[in-house]
Structures are given as structure tokens and as C-alpha cells.
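Note sheet for the following structure.
Number of protein chains: 2
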Amino acid sequence: MIRVAVDAMTAEKGVHEVVHGAVRALKEYPDLKVLLVGDPAAMAPYLKKQDFGERLEIVPATQMIGMDEEPGAAFKAKKDASVSVTARLIKQGRADAATSPGNTGASLAAATLTLGRIKGLRRPAIMILMPSIHGCCALLDSGALVDCKSEDLVQWALMGSLYMSEVMGVKNPKVGLLSIGEEESKGNAQVFEATPLMKAAPFNFIGNVEGRDLFNGRCDVAVCDGFVGNIVLKAVEGIAKMIMNGIKESFKKGSFLEKIGGLLSKPTFNRFRKATSAEEQGGGPLLGLNGIFIITHGGATRVMIKNAIRVCYENVKHDMVRKMTAVIDAGQGKEA
Amino acid sequence: MIRVAVDAMTAEKGVHEVVHGAVRALKEYPDLKVLLVGDPAAMAPYLKKQDFGERLEIVPATQMIGMDEEPGAAFKAKKDASVSVTARLIKQGRADAATSPGNTGASLAAATLTLGRIKGLRRPAIMILMPSIHGCCALLDSGALVDCKSEDLVQWALMGSLYMSEVMGVKNPKVGLLSIGEEESKGNAQVFEATPLMKAAPFNFIGNVEGRDLFNGRCDVAVCDGFVGNIVLKAVEGIAKMIMNGIKESFKKGSFLEKIGGLLSKPTFNRFRKATSAEEQGGGPLLGLNGIFIITHGGATRVMIKNAIRVCYENVKHDMVRKMTAVIDAGQGKEA
Numbered sequence: 046m047i048r049v050a051v052d053a054m055t056a057e058k059g060v061h062e063v064v065h066g067a068v069r070a071l072k073e074y075p076d077l078k079v080l081l082v083g084d085p086a087a088m089a090p091y092l093k094k095q096d097f098g099e100r101l102e103i104v105p106a107t108q109m110i111g112m113d114e115e116p117g118a119a120f121k122a123k124k125d126a127s128v129s130v131t132a133r134l135i136k137q138g139r140a141d142a143a144t145s146p147g148n149t150g151a152s153l154a155a156a157t158l159t160l161g162r163i164k165g166l167r168r169p170a171i172m173i174l175m176p177s178i179h180g181c182c183a184l185l186d187s188g189a190l191v192d193c194k195s196e197d198l199v200q201w202a203l204m205g206s207l208y209m210s211e212v213m214g215v216k217n218p219k220v221g222l223l224s225i226g227e228e229e230s231k232g233n234a235q236v237f238e239a240t241p242l243m244k245a246a247p248f249n250f251i252g253n254v255e256g257r258d259l260f261n262g263r264c265d266v267a268v269c270d271g272f273v274g275n276i277v278l279k280a281v282e283g284i285a286k287m288i289m290n291g292i293k294e295s296f297k298k299g300s301f302l303e304k305i306g307g308l309l310s311k312p313t314f315n316r317f318r319k320a321t322s323a324e325e326q327g328g329g330p331l332l333g334l335n336g337i338f339i340i341t342h343g344g345a346t347r348v349m350i351k352n353a354i355r356v357c358y359e360n361v362k363h364d365m366v367r368k369m370t371a372v373i374d375a376g377q378g379k380e381a
Numbered sequence: 046m047i048r049v050a051v052d053a054m055t056a057e058k059g060v061h062e063v064v065h066g067a068v069r070a071l072k073e074y075p076d077l078k079v080l081l082v083g084d085p086a087a088m089a090p091y092l093k094k095q096d097f098g099e100r101l102e103i104v105p106a107t108q109m110i111g112m113d114e115e116p117g118a119a120f121k122a123k124k125d126a127s128v129s130v131t132a133r134l135i136k137q138g139r140a141d142a143a144t145s146p147g148n149t150g151a152s153l154a155a156a157t158l159t160l161g162r163i164k165g166l167r168r169p170a171i172m173i174l175m176p177s178i179h180g181c182c183a184l185l186d187s188g189a190l191v192d193c194k195s196e197d198l199v200q201w202a203l204m205g206s207l208y209m210s211e212v213m214g215v216k217n218p219k220v221g222l223l224s225i226g227e228e229e230s231k232g233n234a235q236v237f238e239a240t241p242l243m244k245a246a247p248f249n250f251i252g253n254v255e256g257r258d259l260f261n262g263r264c265d266v267a268v269c270d271g272f273v274g275n276i277v278l279k280a281v282e283g284i285a286k287m288i289m290n291g292i293k294e295s296f297k298k299g300s301f302l303e304k305i306g307g308l309l310s311k312p313t314f315n316r317f318r319k320a321t322s323a324e325e326q327g328g329g330p331l332l333g334l335n336g337i338f339i340i341t342h343g344g345a346t347r348v349m350i351k352n353a354i355r356v357c358y359e360n361v362k363h364d365m366v367r368k369m370t371a372v373i374d375a376g377q378g379k380e381a
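In the order they appear, the protein sequences are chains L and Y. 46 is the number of the first residue of the first sequence in this note's numbering; add one for each residue after it. 46 is the number of the first residue of the second sequence in this note's numbering; add one for each residue after it.
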């Protein structure tokens, strides 16, 4: 049985989306157990007709950390916050993995301080899988650490490469250093400092990559400082939303025939949206901890929650904590 | 007469695209003169049927800087490179503005070293107008300077704000500092250092903005280091291309009715593409020089060249060099 703890209280769309997402996952994976963390009374109405027996457990938590709270202070003050209880279930051996759709900073604080870092790992990173023409590209760090050091980039590349190979089935993943040109002469001070370290590291380093290479299949893993990664991630989400809405608006302004065209095209758009949506990705793994923790979107729907649980499930199946620990340990040996 | 010099030799699609673009612009603006710089023999075949009299001048240049050449070295070695001759026409008083579709680094070197910076301006910036739901948002710097200082960000914001107000007609443009969250507590060391300087500066500073705010109308000007801006710009171009191609592919996989829908939707897509394309924007002004220089895309089509010439024309009409000089001078006074 694979046991996944889910913070049920912090989704902006409400407790019911999380509960329905969990129910969907339980129906799909017969060897899955879900531990829903939060207010039992709030969850009860949505579980009336469900009977998963021991595969579903409600774990009470009396507090929650809101989107606007300062993560570090809130984590310290609210010992019984749902995100903290969720992370503790791994530490206590009651769950194998966990996910939360809440305040990213609070998830980061709760997961990191509760589970601790893998031995030898400098700082954890949030990895996001961006849709690309032939699958996806891992972008990390996408917001866990700003003003990082070159050594962080190397460790993140090690973990990203392992993840793409083990969980996503990519052979010998191509790792790039995100920069302003492919040539080794193009970059900032950090790129120049990191390049020799990346070359010496045990993964398939292909050199500098550019923003566009996240989507054209040129690389499978792109590493950068969390400041850059977070801005890129949100810019990409922003323009994707603008394009999809813009096309919808453009249909409205069109001729009668174009409007018919719009109606007939709906399945096309839905298929495309499904193939590329963050909902389907589920969430971003927080890599580098002594436990599997997946950060998902504050605005997550039941579909996204179900997929975040799926990502937890797959990480456990692939024994990722043990493998990450081994690769970081080996990397340490190499540097020493 | 407004006189615009155009580097005719460095467009990847060939001399003819530049010449045809210039012809389009000449037809649209009766008070425009274009100086086409390059090999007269290469241009001649495309100008046979045209007669613009004194409004079209061919200025010979015997060399060109390729896309793969190291910009600084090539600029020094090739005194008669088309991009350098183009920039010199402004310096010599023969042109009021200039544009080149070549190697961005070479344009930057030729323009900066030939024209010189506005007095008191630390470093010039490339400004790109990104399409947003209600018009556009200026992103700068998008690649002229990496590892910039906080003082650069303030000067770029001053110039971007002036540009949006004067050329784009935006009242009291909202200026944001690109970061990883709206809250003042979210950012990297540079954001924290720049925030008080931005607050004290004479423009409408709205605080931190996120990647998504480039597209949702929350800000009119977003400033960041050239490393971040260039990666964001290319990532955004990359996903936009992937989405448009992805939808096209998705139509192909669809049912017969969906394919009909695809055909009927073509005008919708074309309208949307036109409204948001880089072609229509023309190019990015290099702000902060004693002259107007617009950097356009290496792969520019005749439409894009025509629009780059239009941007030159508008900048001259709005007397932007004089106004930029005044705003930087006033900014200096304020700091002192």
C-alpha cells in the first residue's frame, strides 16, 4: 500500500475539491491509501457516499496557514497547521509522500523543517515540468531559493536529471544551464562560474540553453536560480492564458462562419489544453528532502489534486528518496 | 522629412525582405526618407520598378557582421560593416534614426560606440513591447546588460515610463520591478536594494510585479536585469510558438468536423496572430543613446522591417532623444 497525505484545508477552491480529487485517485489506484488532513466536519459532507475502508483516513488538524501569511512565522506559530501535520505524517512513518495546495512558502518551510534535507544537499529546489513538443522539460529551481550559488545549480541538475530518467523515462537526459545564448561566452557571472562545475558533474551537460529551449525539445532539464525560474514560470503561465483567452475573444469578434468554426474546434482546444495544462502535471516536486513532498497550485481543481496524488504515488513507486540520496552522496564524493 | 537608415545586409531572409519592407514604409509615409545601407548591386533587382526620387538613397557598405561573429571584435575589425555604416549615418547628421535586423550584439556595439550614451546614463537597455490584454507592456532590459546595478534599473524605468507615455500614449504608466511575488518581502538581493530607489524616483512605481503581470495589464513597464529579461522574452516566444503550432497539430488529429472547424477558424487565428506578433511590434528600441536605434529580429520579414521603420519614424516624431536626455538629466539632479 502506498500512503499519501493530503493537506485538505488550503485549496482556494475549497475542501470539496481536495476531497473529490482524493476520491478520484483512490478509485484509480487500488493500492493507494490517502490521509486527508484537516477539519473532519468540513470534509464529512463530501465523503458520505464513499467507502474506501482503511484506504481513506481523516487526520485532524485545527489550524491552517493562509495565502497571505508570512510562511516562516506562521509555521512556527501554528503547530497544528494542516500543512505541518501533513508533512509530519511522513516523519512519523504514517505516510510515504505528501502534497499541499497551499501557500508555497509555507509548504516549503513545513516540508523542509519537518523532513530535513538529504545529507550533503545544500538547498532543496522546486521542480516544474514544462510542456514541450516531445513531452516535457524540468525547470528547477522555480522558486525555492533566490540568490543561489553555482554549487546549488549542480546539485539541482543532478536531481533533475535523475528524476527525468527514473520517473519520466527519459534516456540520458540532456541538462542545460539557462542563459542568454547557447555560446559559452554568453551569460552572467553565475553562468560563467557554474559552467566548469556542470562540465565536471556526472550528467549529460549540453551547455547553455535559452528560454525557448524549454519548449522545443533541446533539453530535458534546465537549471537556474529560483528568481529567474519563478519569473519564467509565471510569465509562461501568463502568456499561455492570454493566448487561449485571446483566441476565444477573437472567435467572438468573427463572422458567423468563424463562430461555427469555433464551436467545431472545441474538442481540438480541449485536447490541446489537456495535453499542456498544469492541471495534468499535478504539481512540482520539492527535490532534496528526506521525504516526498509535492507542491501544488493554490487554485488547484479536483483534477489537479488527483494528479498531485498521482505524482506522489509515482515518486514512491520509483523509490525516489533513496535514489536522490544516493546521487547526492555520490556527487559529494566526487567533489571531495 | 524624417530620415531612417536601414541595414539591408543582415536579415536572414535576405536583402529583398529589407528592400520590400522599406518600399512598404515609403508608400505609407509621404514624409519618410529611407537610406538603405549595403551592396547596391544586391539591392538593385528589387528596386527596378520603384521611383521614390530623393526619398530613397542607397548608401554603400562593403562588409557585414554575421550572426555567429563575436560582436565587439567584429565591430572593431570591420569598419565598413553595414550595421556600423547605418549607425554612422545618424552621427553624420544624414539620418534621424536607424534600424538593423542583424546580430543583436553587433547592433548594440555599433549603436552604442558610434552614437554614445546620453549624458548621465549609466548603461543603455533594449526595450521590448510585450502584447498584453489591453495593449502592451514594456520589458526592459531584455538583453543589453547582464549583472546590472540597482541604479540601472531606476534609469531604465525612467526611460521606459517616458516611452510608454510619449510614444504609446499611456497616461501615467504603471512601473513594476519584476520579482517573485507582489509583496515587498519577496525578491532577491537586487530587488531589496532597488525598491527604495524606485520609490524615490519620479515615476508611478507600483512595487513588485510577477511574470504573469507582463500580460494581464497590471503594469505598463517592467524592469529587470538583462539576464532575466532575455530569458523571459525567449521563453515567452517559445511557448507562444509551441501553442500556435500545437493547436494546428491538434486540428490535424481531429475528426472531420474539427478539420472543417479549423478551416473556418483561420481568420480568427490570423487576426489573433497579427494582434500579438513580434512582426507587428517591429523591433525593440535601444534606449539611452544619442540617437534612435531600433533592434529588430534576425529573421525579420518585410512586414517586420516596415514596422521597425515605423517605430523609428514615431520615435523621431516624438523627439524621443531630446526627451530621454531631459528625463535622465533631471533624474541625475534628483540623485545628487
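Idealized CB from N, CA, C, for every residue including glycine.
{"query": "8 Å Cβ cutoff, Asn148 of chain Y in contact with chain L", "result": "no"}
{"query": "Positions along the region 312-336 of chain L whose CB lies within less than 8 Å of some CB in chain Y", "result": "Pro312, Thr313, Phe314, Arg316, Phe317, Ala320, Thr321"}
{"query": "Closest residue to Gly165 of chain Y among Y:Cys357, Y:Pro116, Y:Gly333, Y:Lys194 (Cα-Cα distance)", "result": "Y:Gly333"}
{"query": "Whole beta strand (DSSP E) elements within the region 95-172 of chain Y, 3-residue minimum", "result": "101-105, 142-145"}
{"query": "Test: Leu309 of chain Y CB closer than 8 Å to a CB of chain L", "result": "yes"}
{"query": "Secondary structure of Glu380 of chain Y, DSSP reduced to three states", "result": "Its pLDDT being 45, under 50, Glu380 of chain Y is placed unreliably by the model, and the measurement read from it follows with that caveat. DSSP places Glu380 of chain Y in helix when its eight states are reduced to three."}
{"query": "Phe296 of chain L versus Gly307 of chain L: straight-line alpha-carbon distance, rounded", "result": "6 Å"}
{"query": "Cα-Cα separation between Ala234 of chain L and Glu228 of chain L, rounded to whole angstroms", "result": "14 Å"}
{"query": "Cβ-Cβ distance between Val79 of chain Y and Val51 of chain Y below 8 Å", "result": "yes"}
{"query": "Alpha-carbon spacing of Val356 of chain L relative to Leu278 of chain L, whole angstroms", "result": "19 Å"}
{"query": "For Asp270 of chain L, the nearest candidate out of L:Ser187, L:Val68, L:His61 (CA to CA)", "result": "L:Ser187"}
{"query": "Same chain, Cβ closer than 7 Å to Met88 of chain Y, five either side skipped, listed in chain order", "result": "Ala53, Val60, Val64, Leu81, Ile103"}
{"query": "Close Cβ partners of Pro85 of chain Y (< 7 Å) along its chain, the five nearest in sequence each way excluded", "result": "Ile103, Pro105"}
{"query": "Beta-carbon spacing of Val191 of chain Y, Phe272 of chain Y below 8 Å", "result": "yes"}
{"query": "Proximity test, Cβ basis, 8 Å: Lys72 of chain L and chain Y", "result": "no"}
{"query": "For Asp374 of chain L, three-class secondary structure by DSSP", "result": "helix"}
{"query": "For Asp84 of chain Y: DSSP bridge partner residues", "result": "Partner(s): none; Asp84 of chain Y has no beta bridge."}
{"query": "Closer than 9 Å at the beta carbon, the chain L residues around Ile173 of chain Y", "result": "Neighbours of Ile173 of chain Y on chain L: none; closest Cβ ~12 Å, over 9 Å."}
{"query": "Contacts of Arg257 of chain L in chain Y (Cβ-Cβ under 8 Å)", "result": "Lys279, Ala280, Glu282, Gly283, Lys286"}
{"query": "Short CB-CB distance (under 8 Å) between Asp186 of chain Y and chain L", "result": "no"}
{"query": "Lys379 of chain Y at chain L interface by Cβ criterion, 8 Å", "result": "Low confidence applies here, because Lys379 of chain Y scores a pLDDT of 49, under 50, leaving its location unreliable; read the following figure in that light. Judged by the 8 Å Cβ criterion, Lys379 of chain Y is not in contact with chain L."}
{"query": "Alpha helix (DSSP H) runs wholly inside the region 218-263 of chain L, at least 4 long, in chain order", "result": "234-245"}
{"query": "Residue-level contact to chain B via CB, Asp192 of chain Y, 8 Å cutoff", "result": "Annotation note: the requested chain B is absent from the structure, which comprises protein chains L and Y."}
{"query": "Helix, strand or coil at Val51 of chain L [DSSP, three-state]", "result": "strand"}
{"query": "First and last residue of the uninterrupted alpha helix (DSSP H) at Ile354 of chain L", "result": "347-362"}
{"query": "Option in Y:Met109, Y:Ala183, Y:Leu203, Y:Ala140 with minimal Cα separation from Ala375 of chain Y", "result": "Y:Leu203"}
{"query": "Nearest to Met213 of chain L (by Cα), restricted to the options L:His363, L:Glu62, L:Ile47", "result": "L:His363"}
{"query": "Cβ contact check for the region 245-257 of chain Y and the region 142-156 of chain Y: 3 or more pairs under 8 Å", "result": "no"}
{"query": "CA-to-CA distance, Ile173 of chain Y to Tyr358 of chain Y, given in whole angstroms", "result": "17 Å"}
{"query": "Distance between Gly117 of chain L and Ala119 of chain Y (C-alpha atoms, nearest Å)", "result": "52 Å"}
{"query": "Residues, ordered as in the chain, of the region 245-270 of chain Y that lie near chain L by beta-carbon distance below 9 Å", "result": "Glu255, Gly256, Arg257, Asp258, Leu259, Phe260, Asn261, Cys269, Asp270"}
{"query": "Residues near Ser206 of chain Y in its chain [Cβ-Cβ closer than 6 Å; skip 5 each side]", "result": "Pro218, Val220, Phe248, Val266"}
{"query": "Endpoints, beta strand (DSSP E) assigned at Ala183 of chain L", "result": "180-185"}
{"query": "For Glu294 of chain L and Ile305 of chain L, the rounded distance between their alpha carbons", "result": "14 Å"}
{"query": "Interface flag, Val199 of chain L vs chain Y, CB-CB below 8 Å", "result": "no"}
{"query": "Inter-residue spacing [alpha-carbon to alpha-carbon] between Val372 of chain L and Met365 of chain L", "result": "10 Å"}
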